[in-house]
Structures are given as structure tokens and as C-alpha cells.
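Per my numbering, the sequence shown starts with residue 19, numbered consecutively. From the three backbone atoms N, C-alpha and C, an ideal C-beta is built for every residue, glycine too. The model shown is predicted, which means the values in this text are computed figures rather than measured ones. Input: a single structure, listed below in C-alpha cells.
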Amino acid sequence: MLKHHQARANLYRRLAVSQSAGIPLAQSIARQGGSDAGLLRPVSDAIGAGESAGEAFAALPGISPLEAKAIKAGDRAGALPDVFNRLANLHEERLANKRQLIVSLAYPVLLLHAACVLPALPALVRQGGGLSAFLMEGLGPLVAGYVALGVAWVGLTFARQLQLPALEAIELALPLWGKYVKLSEWGNGFRVCGLLYTHGVGVLEATQAASQAATRTLFADAWRHIEARLRDGDSLAQACSSVSDFPTDALDLIQTGETSGQLDTSLGQLERDYEGRRTMQLRLLIGAAATGAFLLAACMVAYTVISFYVGHLNQALDVLNPRTTRPR
């Protein structure tokens, strides 16, 4: 389905090729087969009926404001092949990051499961044990952990839907994660502005699209403030400088771009810089998560080994001298 990054990237890549070959967009979409053919049919019908590409794609389930605005701008500027290729690259990058996360966490998570299950195996054969004892000792901690993660995930999702600035401020203050969120949000805004401005959309509409593409209220408000200052007659650099936490390095590059008349180049550079920094921060997060899982597994194994030998030592002391004080 198109909600998956790979499916979306493949679709955009095929549309870029067909657009480069001069095939009408409605016809290109109508030719798409597979499980998404029925989902895409209303888009091709709408474009064939005279609706703009951006409006037609905006009605497609799962399409973000960034994608709809970019397609609309590319259609207006006659640059749909470039827009489709850039959107395909975006989804391929996100897919690669998800795969890296899975690969990096696979070993420590497997080790963590082994640390829970393997020490409980003797419960299957010891006197008074059995399957129920094994499930309680081995799978009990895992089930409790999964329940805790599920509750935390639901809580975070609910908090995100509330979009409370106070909760977002707490999120931004978290080590590692807060910096990643900032790089992601600002980088996403620069990507929207650069993509639209490069294809002939004015900075006012580009900043409006950036506010719509923001996933957190604090950043959406920042882009709306910039948009309001632009309406008052400020330049983009002046409008950005009025935002207290606007990145200084980005402001310098925007000022340079406006002064030299190469704002599109500056916005493109910002997009690449922030994407690179976001990727590096993501790797730090993944490394920290993997290290935490590994250390937790190591602690569980150490506790199990120590408990095993202490138990045998207690038995030996009972045999030698029942009155001997047992180590606890």
C-alpha cells in the first residue's frame, strides 16, 4: 500500500520516468498496476477532469502536505519529473533509516530476549516446576516489558495528538531525542521551502506550506510567525530573525542567499545540511538504544549467574553447617 515508503518511492520513480517521456500525468497514473491501482484511479480521473495535480494527490490517503504542495508546484512550473524524483529520494531515505534502526537493534533485542528466556529453562525439568513455572519466570518479564512499551507508545501517540506546547517543550528538552526532533522539524521546513521556491513558488506560500507540513505545534507556530512577518513586508531573513529559537546557521545562509540573489541555492544547501545532521543524530539515538538494550541484557545475565552460584553456595553451607550465616 502507498502508506509504505517503498511503495511511495516506487510510484514516484515510475511517474518521474513517464513524465520525462512526455506521457500525460493522468495517463501515467492510470497505467499503474498492482494493489494500488484502485486507490490511484480517482487521482487519474480527477486530473483527467481538469483538476490540478496537487489537488488530486492531496485527496489521496496518506499523502502529506509536503507531497501535495510539491506536486502542485512542480505541475505549475512544468518540473514534475524533478519533483517526483526528489519525493522518491525522500521516501527512500526514510526507508533506509528505518531499516538501519531494525538492523542496529536486532542483536541487542535478541540478546535481551535470550537473557529472559534461557535462565528460566531449568524450570521445565526441576521438581515443582513445569511449563507454568517456565512461562512465569521466562516470559513474565518479557510480557510485562511489552505491556509497558505499549502503554508508553499509546501515551506518546495521544500526547502528540493533543499537540500541547508544554508537552512538546518537555520532548525537546530530552537528551539526544530533543535535538533529533529539532533537526527533523527545521529540516522538513527547509525542504518544503526549498522544493517549492526552486519551482517558482513565492516565499510567502512556501512558508505557509512549511507550517502545514510541521508535525509539532511549536514549529508550525514559528513558520506561521515568519509568514505573518512576510505579509508585513519583511524579507525572509528579517522574518526568520524574529523567531527566538530560529537556527543561527540557517539564518546566516538565508541572509547570504537573499543578498546574492541565490536563495534557492541556500535553501537547497540547508535541506542537505539538516538532512545530514538529522541522519547523524538518528545514528546516535540508535546507538544509544542498542547500547541500553545490551547493558540491560548483560545486567540480567549477570544477575542470573550470580543468583545461580549464590544458591549453590547456600546449599553447600547448609550441608557443612546449618547455622552458618548465608550471604544474601
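Simplified DSSP state of residue i, which is helix, strand or coil
i: Thr355; result: In the structure as shown, the chain begins at 19 and stops at 346. Residue 355 is therefore absent and cannot be evaluated.
i: Met19; result: The pLDDT assigned to Met19 is 45, lower than 50, so where the model puts this residue is not dependable; a value taken from the coordinates is nonetheless given after this. It is coil, neither helix nor strand.
i: Val219; result: coil
i: Gln37; result: helix
i: Asp270; result: helix
i: Asn332; result: helix
i: Ala67; result: coil
i: Asn28; result: helix
i: Gly163; result: helix
i: Pro265; result: coil
i: Arg290; result: helix
i: Gln299; result: helix
i: Pro79; result: coil
i: Gly275; result: helix
i: Gln226; result: helix
i: Thr342; result: With a pLDDT of 49 at Thr342, under the threshold of 50, the modelled position of this residue cannot be trusted; read the value that follows with caution. Looking at Thr342 - three-state DSSP - the assignment turns out to be coil, as it is neither helix nor strand.
i: Asp250; result: coil
i: Gln179; result: helix
Counted within 10 angstroms of its Cβ, other Cβ atoms place residue i as buried (16 or more) or exposed
i: His22; result: exposed
i: Ile13; result: No answer is possible for residue 13: the residues shown for the chain start at 19 and end at 346.
i: Met19; result: Reliability fails at Met19, whose pLDDT of 45 lies under 50, so the model's placement of it is uncertain and the value that follows must be treated cautiously. Exposed, by the Cβ-count rule.
i: Asp336; result: exposed
i: Val328; result: exposed
i: Asn339; result: exposed
i: Trp204; result: buried
i: Ser202; result: buried
i: Gln280; result: exposed
i: Thr225; result: buried
i: Ile65; result: buried
i: Leu47; result: According to the sequence provided, residue 47 is Ile. The question's Leu does not apply to it. Counting Cβ neighbours within 10 Å, Ile47 comes out buried, since at least 16 surround it.
i: Thr342; result: Here Thr342 scores only 49 on pLDDT, less than 50, and its place in the model is too uncertain to base an answer on.
i: Ala315; result: buried
i: Leu58; result: buried
i: Gly207; result: buried
i: Ala150; result: Here residue 150 is Ser; the residue named in the question, Ala, does not match the sequence. Ser150 is exposed by the Cβ-count criterion.
i: Ser278; result: exposed
i: Val169; result: exposed
i: Val121; result: exposed
Limits of the alpha helix (DSSP H) - the one that residue i falls within
i: Val101; result: Leu98 to Val135
i: Val199; result: Trp195 to Thr216
i: Ser150; result: Leu149 to Phe152
i: Ile89; result: Pro83 to Ala95
i: Phe75; result: Ala71 to Ala76
i: Leu190; result: Pro183 to Leu190
i: Ser259; result: Leu254 to Ser259
i: Leu43; result: Leu43 to Ala48
Beta-carbon proximity of residue i to residue j, cut-off 9 Å
i: Leu300; j: Gln118; result: yes
i: Ala88; j: Leu43; result: no
i: Ala246; j: Cys258; result: no
i: Ser38; j: Pro126; result: no
i: Ala351; j: Leu84; result: Only positions 19 to 346 of the chain appear in the structure, and residue 351 is not among them; the question remains open.
i: Ala27; j: Leu105; result: yes
i: Arg234; j: Val199; result: yes
i: Cys134; j: Leu160; result: yes
i: Thr297; j: Asn107; result: no
i: Phe312; j: Leu129; result: yes
i: Leu213; j: Ala306; result: no
i: Arg209; j: Glu293; result: yes
i: Ala91; j: Val172; result: no
i: Cys211; j: Ala227; result: yes
i: Glu155; j: Leu236; result: no
Integer Cβ distance of residue i from residue j, believed to fall under 8 Å
i: Ser253; j: Glu276; result: 6 Å
i: Arg249; j: Leu222; result: 7 Å
i: Tyr30; j: Phe102; result: 4 Å
i: Pro140; j: Thr322; result: Actually they do not touch by this definition, with Cβ atoms about 11 Å apart.
i: Leu271; j: Gln287; result: 6 Å
i: Ala74; j: His217; result: Their Cβ separation, rounded to whole angstroms, is 17 Å, which puts Ala74 and His217 out of contact at 8 Å.
i: Ala308; j: Leu123; result: 6 Å
i: Gln50; j: Arg32; result: 7 Å
i: Ala16; j: Ala95; result: A question about residue 16 goes unanswered here, because the residues of the chain that appear run from 19 up to 346.
Distance cut-off 8 Å: residue i Cβ against heavy atoms of the ligand NAD
i: Gly220; result: The ligand content of the structure shown is nil, which means the ligand NAD is not present either.
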